[in-house]
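Have a look at the structure below, then the notes.
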Amino acid sequence: MSLAVPLAALWAILSGCGVDSGPEEEGDRLVQTGRNFAEEHRYAEARHTFEKAIALDSLNAAAHCALGDLDARLGHVERAVQAYKAALAADSTYHRARHNLAVIEADRGHLPLAIELLERIPTYVPALRTLPLFYAKQGRYDLAEKGLHTALAVGGEDLDVRQQLGRLYLRQGRYDEARAALDLALAQDSTQAESHRLLGLLHLAERRYPEALAAFRHALALEPHLIEAHYNLSSAFLGLGQPTQAQAALARFETLAADAAQVAHLRRQLDANPDDRETRLQLAHHYRQLGRDDDALTHYRAILLADSDDLEALISLSGLLLTRRDDQEVLELCRRGISQHPEDVRTSKLHFARGYVHMRRSQYQEARTAFEHALALDSSSATAWNNLGHVQLSLGEEAAAQRALESAIAADSTLADAHYNLGSLFLQKGQLAQAQRAYRAAIVADSTFARTYYALATVYQAQG
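With the numbering used here as the guide, the letters of the sequence shown map in order to residues 469 to 932.
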């Protein structure tokens, strides 16, 4: 069984432990400032601040530990290990460092060492919650169960602990106890996809296939990229005698599992060579396929930390941030990339992103200019032609808009949005036959494009 911990989960475990208390002196202030920088993805400033705290006091365990957290987040595993060891050398009672070192060692496959590290801090609540995971990996379910109950007794009610208990009881066939644990987890937070998935596994084990199907669908509605849930969904469909749906769910599972396997492989490569740009780009791509945008974001920023003008990273990061509506940073990234790579055809994507931000802000003059620059570098972009046409329509430039939309369709006849926009232009001009043809072409390109059906109904009504 793999022991690899996903980067997002690893960072959540590392950063969720809390900071050991200490006097509010300059070193502590610097550590907190650095942590704030890290949360804002200002990694260079975070590193500089932590190093400044260490220069001020080489025995500042919190600063060494914070530097380790930063390196772990950026995939510099060896540096993280050395930082945690430096923290423990400065203060052997700094439990956060020992806990986070254990998590790293477990991720590297050194499970016995990780357990030994955690067993040395039996009163540290984060360790009480992490140690049962490792016991369960070894099949030591009695110790895992005991540890989870200790975590609840010492640390209070905790959603993750209830989930772990539910999972543990399921593995042992203790279904009533599993149901009780999962009910408590869902009572705390009904939006946790994993709790619904585990409940579905319970129903599946009891051959209650309709209930299992509903639970897995609920889990996937909350988290569409939850890999195991697609496999579980396939099992539920098979139980209901629906092999076609089962095969579709299994195919989706296999696609996501392939991306996850690539992530595991690339992470091992990155452990060996954390400065490899291409590995980070590939990792970020597969993370995005898995819906793990935060992990992808970390790797794009790590590349730009080494080379602030890396064009591929600028393009990829701006595209990701565009989906998050982080418009101001998108514009800054585009400005940087365009100024450094003005003639590179790939820079057309930055002009496009800039145009999209302006279009979204109804800044149509600026949007038109940006899309025109994008097309000057790459005239094959159907989406750029389509957006240019949309902007020109908004500016009342109907003839230019028609040419742009026809160019979009020539570049990609399957772009339903371009057909739709062209139909809207014809409808606006009262050219009903042309509008009807354009809307029908949009439906051929995408039969799920709902707006087109309403628009086509408007045309039929106007035609009498």
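Ideal Cβ placement from N, Cα and C applies to all residues, glycine included.
Predicted, not measured: the structure shown is a model, and the values here were computed from it.
Specify, as a first and last residue, the run of the alpha helix (DSSP H) that residue i falls within.
| i | result |
| --- | --- |
| residue 505 | 494 to 507 |
| residue 783 | 779 to 791 |
| residue 916 | That residue, residue 916, is in no alpha helix (DSSP H); it is neither H nor E in DSSP. |
| residue 798 | 795 to 808 |
| residue 647 | 643 to 656 |
| residue 711 | 711 to 740 |
| residue 663 | 661 to 673 |
| residue 614 | 609 to 623 |
| residue 698 | 695 to 707 |
| residue 575 | 563 to 575 |
Pull up the distance between the alpha-carbon of residue i and that of residue j, whole angstroms please.
| i | j | result |
| --- | --- | --- |
| residue 658 | residue 680 | 16 Å |
| residue 777 | residue 618 | 50 Å |
| residue 469 | residue 846 | Below a pLDDT of 50, predicted positions are generally treated as unreliable, and residue 469, at 34, falls in that range; no measurement from the model is reported. |
| residue 510 | residue 669 | 41 Å |
| residue 693 | residue 721 | 9 Å |
| residue 885 | residue 870 | 13 Å |
| residue 613 | residue 595 | 14 Å |
| residue 489 | residue 517 | A caution first: residue 489 carries a pLDDT of 43, below 50, which makes its placement in the model unreliable, though a value can still be read off. Approximately 19 Å between the Cα atoms of the pair. |
| residue 808 | residue 838 | 16 Å |
| residue 636 | residue 683 | 19 Å |
| residue 641 | residue 580 | 26 Å |
| residue 505 | residue 513 | 6 Å |
| residue 660 | residue 667 | 11 Å |
| residue 920 | residue 770 | 43 Å |
| residue 909 | residue 828 | 26 Å |
| residue 810 | residue 824 | 19 Å |
Flag this pair as yes or no: are the beta carbons of residue i and residue j separated by less than 8 Å?
| i | j | result |
| --- | --- | --- |
| residue 734 | residue 747 | yes |
| residue 689 | residue 702 | no |
| residue 551 | residue 533 | yes |
| residue 852 | residue 842 | yes |
| residue 780 | residue 749 | yes |
Out of the options, which has the shortest C-alpha to C-alpha gap to residue i?
| i | options | result |
| --- | --- | --- |
| residue 717 | 728, 543, 731 and 698 | 698 |
| residue 685 | 865, 751, 674 and 705 | 705 |
| residue 726 | 754, 495 and 713 | 754 |
| residue 744 | 774, 724 and 729 | 774 |
| residue 541 | 632, 572 and 524 | 572 |
| residue 650 | 639, 663 and 732 | 663 |
| residue 493 | 525, 799, 732 and 767 | 525 |
| residue 507 | 537, 523, 527 and 528 | 537 |
| residue 678 | 710, 648, 920 and 600 | 710 |
For residue i, which residues from the same chain have a beta carbon less than 7 Å from its beta carbon, with the 5 sequence-adjacent residues on both sides left out?
| i | result |
| --- | --- |
| residue 652 | 630 |
| residue 822 | 799, 802 and 838 |
| residue 544 | 742 |
Suppose the cutoff is 6 Å on Cβ atoms and the five residues either side in sequence are ignored; what does the same chain contact list for residue i look like?
| i | result |
| --- | --- |
| residue 757 | 727 |
| residue 836 | 859 |
| residue 599 | 586 and 615 |
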